[in-house]
Amino acid sequence: MKPNRRHLIAATLVAAIGFGAAVQAQTPPAGAPGAGRPDAARMEQFRARMQERMAQRLGELKQKLAITPAQEGAWSTWTANLQPTPHQRPDRAEIARLTTPERIDRMRALRAERNAAMDKRMDATKTFYAQLNAEQKKTFDAESLRFLGGKGGRGHGHHGGPRG
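Below, the structure is given as structure tokens:
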């Protein structure tokens, strides 16, 4: 076995053991305070604020695009597809009972679900975009670039600041 391959196998094993230990260390006993999801209310408030911001931004975008009555159906379909899909966090106790290969399979399944949801949103965006006229497409391109951190955008840096 080559030294590099040995190091890779050892690092993978250490990472897998560390992940399992981290999951077990973070799992509170069933009767302990904080068992379950202690900050579920705070997360719900966060989701509500995000929904409000999204509705506000979509309203502003709709105004900038000057959506016509003929485009209203396409707009409604697109915005409905943008709604976040509810996802559940895996139960830590359940994860702790899984073997490493089972955990990996579980993570892959969750990733596939997230990717499918993202693909659905992307396809809906392309369908909506096809309904826009040339001027609306320019506006949409400029506005969507802002959210991707492009020219004039705030990016995805710390607190929406510049990346870099």
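So in this note's numbering the end of the sequence shown lands on 167, straight run, no missing numbers. Backbone N, C-alpha and C fix where the C-beta goes; we use that ideal spot for every residue, glycine too.
Member of the options whose CA lies at the smallest distance from the CA of residue i
i           : options               : result
residue 112 : 54, 100, 92 and 96    : 92
residue 54  : 97, 64, 87 and 116    : 87
residue 89  : 139, 147, 122 and 116 : 116
residue 143 : 63, 101, 73 and 122   : 63
residue 136 : 70, 47 and 46         : 70
Beta-carbon proximity list for residue i, same chain, < 8 angstroms, skipping 5 on both sides
i           : result
residue 104 : none
residue 77  : 130, 131 and 134
Same chain only: Cβ atoms within 7 angstroms of residue i, ignoring 5 sequence neighbours per side
i           : result
residue 145 : none
residue 106 : 98
residue 56  : none
residue 147 : none
residue 120 : 88
Sequence-distant residues of the same chain with beta carbon closer than 6 angstroms to residue i, five excluded per side
i          : result
residue 74 : 134
Whole-angstrom C-beta distance between residue j and residue i, which should lie under 8 angstroms
i           : j           : result
residue 2   : residue 139 : The structure shown does not extend to residue 2, since the chain is modelled only from 4 through 167, so no value can be given for it.
residue 101 : residue 114 : Wrong, their Cβ atoms sit about 16 angstroms apart, outside the cutoff.
residue 52  : residue 85  : Incorrect: roughly 17 angstroms between the Cβ atoms, too far for contact.
Three or more C-beta pairs below 8 angstroms linking the segment 124-141 and the segment 63-82: yes
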